[in-house]
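Just so it is clear: in the sequence shown, position 34 is 41 by the numbering used here, and no numbers are missing. Just so you know, even glycine gets a beta-carbon here, dropped at the ideal spot from N, CA and C.
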Amino acid sequence: MDVISELNYTAIFFAVLIGQSLELLWFSRGLFGYFWAKDIGLGAEGVASRDKKYGFLTGLFLSICTSFLLSILIHAEHGTSAFEGVLLGFLAAAFVAVAQAINFVYETRPIRFYLISVGYCLVAYPLMGLVLGYWM
């Protein structure tokens, strides 16, 4: 069977919505955005001068990619429950955490930057997997 035609695009849409909503909240000034910007060398004026539309559209595109790939992973593993979706989402986030740790070693940025960036994946991917697994 063709995997692409078997995916639940409604579930993918809601997973994108969850991922994008969490991303906007996670990297807002009210949560971790201030510290994240400080750790990458942007002050308040640097954040304000960034093109927000470009950032939002790029984040949206990447959330679509993540949801789509996570849906394929869940489908390939015959995930049929929300619990299996959460586990596979966490597995995907763990791969990201390890890959980012390798980069982090060479970037010499504060550990807080790594924890904020990877923390988003460790929360978002299992939530996205929950939705995708539930609707499989």
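### Query
Can you list, in chain order, the residues of its chain whose CB lies under 7 angstroms from that of W33, leaving out five sequence neighbours each side?
In the sequence shown, the residue the question calls residue 33 occupies position 26. These residues qualify, in order along the chain: F39 and Y127.
### Query
A44 to D9, Cα distance in whole Å?
Position 37 of the sequence shown, counted from the start, is the residue given in the question as residue 44. Position 2 of the sequence shown, counted from the start, is the residue given in the question as residue 9. Roughly 43 angstroms separates the two Cα atoms.
### Task
Identify which residue in F75, Y41, L95 and D46 has its Cα closest to the Cα of T115.
Looking up residue 115 in the sequence shown gives position 108. For the residues F75, Y41, L95 and D46, the minimum Cα distance to T115 belongs to D46.
### Message
Can you tell me where the alpha helix (DSSP H) holding R119 begins and where it ends?
### Response
Along the sequence shown, read from residue 1 onward, the residue named residue 119 stands at position 112. Per DSSP, R119 belongs to the alpha helix (DSSP H) from I118 to Y141.
### Query
Under a Cβ-count criterion, where at least 16 other Cβ atoms within 10 Å of its own Cβ denotes burial, should T17 be classed as buried or exposed?
Numbered from its first residue, the sequence shown carries residue 17 at position 10. Exposed is the call here.
### Task
Please check the pair G26 and M143, which I expect to be a contact at CB under 8 angstroms, by giving their CB distance rounded to whole angstroms.
The residue labelled residue 26 in the question sits at position 19 within the sequence shown. The residue labelled residue 143 in the question sits at position 136 within the sequence shown. Contact doesn't hold; Cβ gap of about 17 angstroms is too wide.
### Message
Please classify T73 as buried or exposed, where buried requires at least 16 other C-beta atoms within 10 Å of its C-beta.
### Response
Residue 73 sits at position 66 when you count from the first residue of the sequence shown. By the 10 Å Cβ count, T73 comes out buried.
### Message
Tell me the DSSP secondary structure of G66 in three-state form.
### Response
Along the sequence shown, read from residue 1 onward, the residue named residue 66 stands at position 59. Note: G66 maps to helix in three-state DSSP.
### Task
Could you please give the first and the last residue of the uninterrupted alpha helix (DSSP H) stretch that includes L31?
Numbered from its first residue, the sequence shown carries residue 31 at position 24. Its alpha helix (DSSP H) spans residues Y16 to W33.
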